[in-house]
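Read in order, the letters of the sequence shown correspond to residues 1 to 231 in full-length UniProt numbering.
Positions of the beta carbon are idealized from the N, C-alpha and C atoms, including for glycine.
Note sheet for the following structure.
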Amino acid sequence: MSTLDYPVWLRVDHWLNVLFLTLLLRSGIEILGTHPKLYWNDDSKPGTEWARFTTKEMPTDKLYDTLDEEESYSSLVALPGHKKLGMGRHWHFFSVICWILVGLSYYLLLFATGQWHRYWPYSWSIFPEAWNDIVAYMTFNLPPLLPGEPLDAIQKLTYAGVIFLLAPFQILTGAAQSPAIEARFPWYVQMWGGRQWARSLHFFGLLAFLVFIVIHLSMIFFWGWVNSTPP
1 MSTLDYPVWL RVDHWLNVLF LTLLLRSGIE ILGTHPKLYW NDDSKPGTEW
51 ARFTTKEMPT DKLYDTLDEE ESYSSLVALP GHKKLGMGRH WHFFSVICWI
101 LVGLSYYLLL FATGQWHRYW PYSWSIFPEA WNDIVAYMTF NLPPLLPGEP
151 LDAIQKLTYA GVIFLLAPFQ ILTGAAQSPA IEARFPWYVQ MWGGRQWARS
201 LHFFGLLAFL VFIVIHLSMI FFWGWVNSTP P
């Protein structure tokens, strides 16, 4: 398996993944706009947030509720945008169900066809090799591919992290934010440190996905430029 001979099902799953991740990201921003602050405690006392995505300053001399803190994000970014939390949740739940179904088909076919070997790191030596690859990319050099494989070490390690760690992590932390799950399985939410911990961790997972997407697109352009440049 030394060429990028991606089967048709893998290409279809890839683009479905792009579609539903985009819907999840945009509807997630709409949900975040309802209370654009992140905490490490469930008390969520004003001033204890570690991150905020609003310029609003709440008064200290009168009562207010969370609706007063709500932000109206543009429809170009959020889905559907403009303080439509109900529709944002509908889009988020619809998208995550579709994303999970696509993911299940991906895992099933990945193992059924043996394609998982392409992404699974078999040796600890891949970590120093991946570091060498990072250095090569940072100096605009092309690192060598792993022996008999279509990927270099950092590519394989990154794909393994996204497929087998990051995607399940986002599903699990997302579920920990559900009031229904907290009511039925309070131990599960507490396992993540509470709903606000799960919310913050979910946000870090989002950032990790965004970093992966940027690097993924950069590598596409980089490899395309290298392959189109005459020796």
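| Query | Result |
| --- | --- |
| Between the CA atoms of ILE215 and PRO144 - distance to the nearest angstrom | 18 Å |
| 8 Å Cβ cutoff met for ALA153 and GLU129 | yes |
| is_contact[ALA198, chain D] using C-beta, thresh 8 Å | As a matter of chain content, chain D is missing from the structure shown, which is built from one protein chain. |
| Helix, strand or coil at SER2 [DSSP, three-state] | In this prediction, SER2 scores a pLDDT of 45, lower than 50, which makes its location untrustworthy; the coordinate-derived value is nonetheless stated afterwards. If DSSP states are grouped into helix, strand and coil, SER2 belongs with coil. |
| Under the three-state DSSP convention, the category ALA51 falls into | strand |
| Given 8 Å, three or more beta-carbon pairs between the segment 185-203 and the segment 35-42 | yes |
| Distance between PHE222 and SER123 (C-alpha atoms, nearest Å) | 27 Å |
| LEU38 (DSSP reduced to helix, strand or coil) | strand |
| Endpoints, the alpha helix (DSSP H) within which PRO128 is located | 126-138 |
| Cα-Cα separation between ASP13 and GLY103, rounded to whole angstroms | 8 Å |
| Through-space distance from ARG52 to ALA175, alpha-carbon basis | 22 Å |
| Extent of the continuous alpha helix (DSSP H) to which residue 232 belongs | As displayed, the chain neither begins before 1 nor continues past 231, which places residue 232 out of reach and without an answer. |
| Short Cβ contact (8 Å threshold) for GLY28 with LEU146 | no |
| Unbroken alpha helix (DSSP H) run spanning PHE111, endpoints | 85-112 |
| Boundaries of the alpha helix (DSSP H) in which ALA167 is found, first to last residue | 167-175 |
| Beta-carbon proximity of SER95 to LEU24, cut-off 8 Å | yes |
| Straight-line gap, MET191 to ARG184 (C-alpha atoms, nearest Å) | 14 Å |
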